[in-house]
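For the sequence shown, the UniProt record's numbering gives the first residue as 1, with consecutive numbering after it. Down below is the structure, laid out as structure tokens.
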Amino acid sequence: MSSWFSVEPPTSATPSSPQSPSNSLGSNLIHPVSSRYGPDSLFGTLSDQDTAWLAQSTGFVTETQTFYITIPGGKLAMCQVIHSAIGLWYPQIQFTFRFYDSISKKHVWKSTNVTNFKTPPIFSNSSDLPKYDKRSCKSDQFSILLDPNQPDTYSITGKHDDSIHFQFNLTRMDGVPGWKLGHDARGGFTYFGRGNQKRESPKSGPDYSASTDGYIIHRFWPRCSLSGQIILNGQPVNLNQSRAIFIHAVQGMRPNLIASRWNFCNFQSVQDQTQPDSTDPGVSLTLMEFTTVPGSYGPPQIISVGSIVLGDKLIGLSCDPNPNEAVQAKTTHQTPLLFDNDTGYQLPSLIKFQWTAPVLHSALAPSALSNVSSQNNPNANSLKAEILLDLDAQNLSEKESYVTRGLVEKVDVLAQIPYLVKKVVAAVAGTRPYIYTWFNPVSGKITLPKDLVTFDDKLKESETEDSNQLVINGYLFNEATFISDL
Numbered sequence: 001m002s003s004w005f006s007v008e009p010p011t012s013a014t015p016s017s018p019q020s021p022s023n024s025l026g027s028n029l030i031h032p033v034s035s036r037y038g039p040d041s042l043f044g045t046l047s048d049q050d051t052a053w054l055a056q057s058t059g060f061v062t063e064t065q066t067f068y069i070t071i072p073g074g075k076l077a078m079c080q081v082i083h084s085a086i087g088l089w090y091p092q093i094q095f096t097f098r099f100y101d102s103i104s105k106k107h108v109w110k111s112t113n114v115t116n117f118k119t120p121p122i123f124s125n126s127s128d129l130p131k132y133d134k135r136s137c138k139s140d141q142f143s144i145l146l147d148p149n150q151p152d153t154y155s156i157t158g159k160h161d162d163s164i165h166f167q168f169n170l171t172r173m174d175g176v177p178g179w180k181l182g183h184d185a186r187g188g189f190t191y192f193g194r195g196n197q198k199r200e201s202p203k204s205g206p207d208y209s210a211s212t213d214g215y216i217i218h219r220f221w222p223r224c225s226l227s228g229q230i231i232l233n234g235q236p237v238n239l240n241q242s243r244a245i246f247i248h249a250v251q252g253m254r255p256n257l258i259a260s261r262w263n264f265c266n267f268q269s270v271q272d273q274t275q276p277d278s279t280d281p282g283v284s285l286t287l288m289e290f291t292t293v294p295g296s297y298g299p300p301q302i303i304s305v306g307s308i309v310l311g312d313k314l315i316g317l318s319c320d321p322n323p324n325e326a327v328q329a330k331t332t333h334q335t336p337l338l339f340d341n342d343t344g345y346q347l348p349s350l351i352k353f354q355w356t357a358p359v360l361h362s363a364l365a366p367s368a369l370s371n372v373s374s375q376n377n378p379n380a381n382s383l384k385a386e387i388l389l390d391l392d393a394q395n396l397s398e399k400e401s402y403v404t405r406g407l408v409e410k411v412d413v414l415a416q417i418p419y420l421v422k423k424v425v426a427a428v429a430g431t432r433p434y435i436y437t438w439f440n441p442v443s444g445k446i447t448l449p450k451d452l453v454t455f456d457d458k459l460k461e462s463e464t465e466d467s468n469q470l471v472i473n474g475y476l477f478n479e480a481t482f483i484s485d486l
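Printed below as a string of structure tokens:
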């Protein structure tokens, strides 16, 4: 679930004293992360502090850690921790779980209020345990632990009542580093408001206070392997051949000021169980996009970040808006749009996800290194990727709701979020948050510049003088979140 309800006004603001944007209507006080970095400086390495919990107890800050798991055979699982600070009240913390089988249509959704949340975790008998830091957390319901001596693996255990238990390790793959967009202390951050002249610049670590009003940031592990299992009503689901993405997100502001729309794409290839001799092509396509609220901080902007993994190697990062045409990332809801009587929103019949990204230097074939260095032309070195999701959408009649292929659920956010968060959100006129979630088998296309990146020839569908086009089969989990009318 996209955690849209978040972000921090000044700590003096409370739920009973709404914080107004520090601008006049029509001025532009949105500072997209995508506009600050050129084609050669998109990649930012994640530090230990980047994936450490803030666990704010004041202001308005929503922080999430989410693990999306693609399981061979058309299955999906998700675990998410949501930590919501709501003014002066005690933080609201939830632990959510989803399992979906696209063949049997079995769908399990659980949301639990968390008790005794601790970060770093505290154990009564800790002499033989690693010294965990704030990258780890635990509660009565779960533990998410990262040994500082093995910083590429999370060990996750937990349960939802007696019907759902899970225990698995999630490991970032060697050729796929975690990333944020941008290489400096402001890497990953989209800021709202004017520059904060009164702040003290951080001596190290992320710059959470560069603007007066708030921020939003996402950090990614876009391709991970797993070992372990989930047990549903006594039946085990093996995760050993699964692939996953891990996202740590923080939003620091009131929900009605940050976004009116979200789109999220998580495409993962996995081994085809119907063909035991087949190999997984090692592809992950990720895109996170939001549309800012018209008028809050100026005209609406669509801001997106994304990544491309091929052969279990991170080969490109993309974003939008960016001054260079060699860098693009966007989601398009294609017509005809159909009205959903359940929610009052116009929904797409097709969704297209697109990436344009310079090939990362670390992903270049050895034979291409000197040639690319001498060219210094990001346009010539850009790769492209695309997914076209045909939802086979229809309204059965004017009075019946929107139905599509692969629709897992329409999530009524106000019915799911903690009570105190709900009270704040519901007080905002025009706010009707719904999240549509889909899970479908799809084909992704990647177009590579000739001779720059090595790949499996079995994936090649066509070629031109300058490029090779690859077609990859996999599973797409995507979300479209509608918060308010544009």
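We put the beta carbon where it would ideally sit given N, CA and C, even for glycine. Note that the structure is a prediction, hence the values are computed from the model and not measured.
Straight through space, the alpha carbons of Ile387 and Phe353 are spaced by roughly 5 Å. In the three-state DSSP reduction, Asn478 falls in the strand class (E or B). When the Cα atoms are used, Ser225 and Phe60 turn out to be separated by approximately 34 Å. Cβ-Cβ separation between Phe95 and Leu360: approximately 35 Å, too far for a contact (criterion under 8 Å). Taking C-beta separations shorter than 6 Å and ignoring five residues to either side along the sequence, the partners of Gln56 in its chain run Ala85, following chain order.
Ile308 sits away from Pro321, with the two beta carbons spaced by 9 Å or more. DSSP places Pro255 in the helix class (H, G or I) of the three-state scheme.
Rounded to whole angstroms, the separation of the alpha carbons of Asn125 and Phe439 is 42 Å.
Sequence-distant Cβ neighbours of Thr153 in its own chain, meaning closer than 6 Å and more than five residues away, are Asn169, Thr171. It is roughly 24 Å from the alpha-carbon of Pro236 to the alpha-carbon of Ser278. In this structure, the straight-line span from the alpha carbon of Asp451 to that of Glu461 is close to 16 Å.
Ser139 is not a Cβ neighbour of Leu146, given a cutoff of 9 Å. Shown here, Lys458 sits in a helix according to DSSP, grouped into three states.
Two segments are said to touch when three or more pairs of C-beta atoms, one from each, lie closer than 8 Å; by this definition the region 35-42 does not touch the region 103-111. Inclusion of Phe192 and Ser209 in the CB contact set at 9 Å is not warranted, their separation being larger than that value. If you check the CB distance, Arg219 and His248 come in under 9 Å. With a cutoff of 9 Å on beta-carbon distance, Pro323 and Ser35 are scored as near each other. For the pair Ala329 and Ser382, the CB atoms are not nearer than the 9 Å cut-off. Within the region 200-280, the complete alpha helix (DSSP H) segments at least 4 residues long are 255-258, listed from N- to C-terminus.
Taking 9 Å as the cut-off, the beta carbon of Ser242 is found no closer than this to the beta carbon of Leu314. Gln328: member of the beta strand (DSSP E) spanning 328-334, first to last residue. Note on Tyr297: 16 or more other CB atoms within 10 angstroms of its CB, so buried under the neighbour-count rule. Excluding the 5 residues flanking it on each side, Thr404 has same chain C-beta neighbours closer than 6 Å at Leu391, Ala393, in chain order. Rounded to whole angstroms, Arg186 and Gln273 show a C-alpha spacing of 43 Å. The Cβ-Cβ distance between Gln268 and Thr70 falls below 9 Å. Of the candidates Thr58, Gln80, Lys75, Leu76, Gln80 places its Cα closest to the Cα of Phe67. For Tyr68, the uninterrupted beta strand (DSSP E) segment begins and ends at 60-71. According to DSSP, residue pairing for Met288 in a beta bridge involves Phe264, Val305.
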